[in-house]
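Residue numbers (our numbering): -8 to 276. Note that CB positions come from ideal geometry on N, CA and C, so glycine has one too. Report on the structure given below.
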């Protein structure tokens, strides 16, 4: 019970309460840090990773680009307020441009703690890959202040790999599949099954035809893009979607952008004007 003198709380009691609040705050931060460390050491690659850069993003939590709403607890499982870590292994010889665009969008929607590592299987990494998630964070930060942990590890892997819950799920492999997972943290797929299928079709076309095919096959895809974009501003109707992100990245990565047809050129510029494609474009320079 507080002690009163002349109707006021004793100053010693006030000081004790302030000290107790400070201790509780530090204990909470320590608990969050330990939870984060526990997740890190359960990652099979953790003992070989060298941290080279990390950044934090605390932009507006509401994105105006997507109309649909998502809930992290529903998609990733409720974790009593602990930071949810997404760990991605990527080969520096094949930088995943879609992940950089999606990371930028995630930073607009959530408070994201971003980190870049280099695995011992990689001898050297260009500077632009080390800073691809933004500038280095300040020396002091508290993990519990963030909603998502986005860890990118440059590693000699044949395919892109993503791990969320090391204990409860197998890795998701392939840039297309990882992009689908991350996009669902931003907005749901269209409720119309036909439109949702169309999004998936364009994503597969991007990664399996645009990004990895002959010049003749690429020309066929560019004509299909041009025809579709002559009827609507985006690839799937009137709304920007994962289809646009995947195709934009693969068109630029394939080197086909300078000779693309007029509707594709207009659409490429419209995507860039949204402001989330800068980090990906930097890797192509």
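Backbone CA spacing between residue i and residue j [nearest angstrom]
i, j, result
"residue 113", "residue 184", "42 Å"
"residue 221", "residue 136", "45 Å"
"residue 164", "residue 194", "15 Å"
"residue 82", "residue 254", "32 Å"
"residue 216", "residue 223", "11 Å"
"residue 141", "residue 3", "45 Å"
"residue 145", "residue 251", "31 Å"
"residue 110", "residue 121", "12 Å"
"residue 87", "residue 211", "24 Å"
"residue 197", "residue 231", "16 Å"
"residue 259", "residue 14", "53 Å"
"residue 269", "residue 246", "17 Å"
"residue 85", "residue 11", "51 Å"
"residue 91", "residue 123", "7 Å"
Neighbourhood of residue i by C-beta, 6 Å cutoff - its chain only, sequence neighbours within 5 removed
i, result
"residue 189", "227"
"residue 80", "144, 146, 148, 152"
Cutoff 7 Å; reference residue i; Cβ partners in own chain excluding five residues on either side
i, result
"residue 186", "227, 228"
Cβ-based burial, residue i [other Cβ within 10 Å; buried from 16]
i, result
"residue 207", "exposed"
"residue 264", "exposed"
"residue 241", "buried"
"residue 75", "buried"
"residue 9", "exposed"
Residues that DSSP places opposite residue i in a beta bridge
i, result
"residue 152", "80, 164"
"residue 75", "139"
Proximity test, residue i beta-carbon vs the ligand ADP heavy atom, cut-off 7 Å
i, result
"residue 208", "The ligand ADP is absent from the structure shown, which contains no ligand whatsoever."
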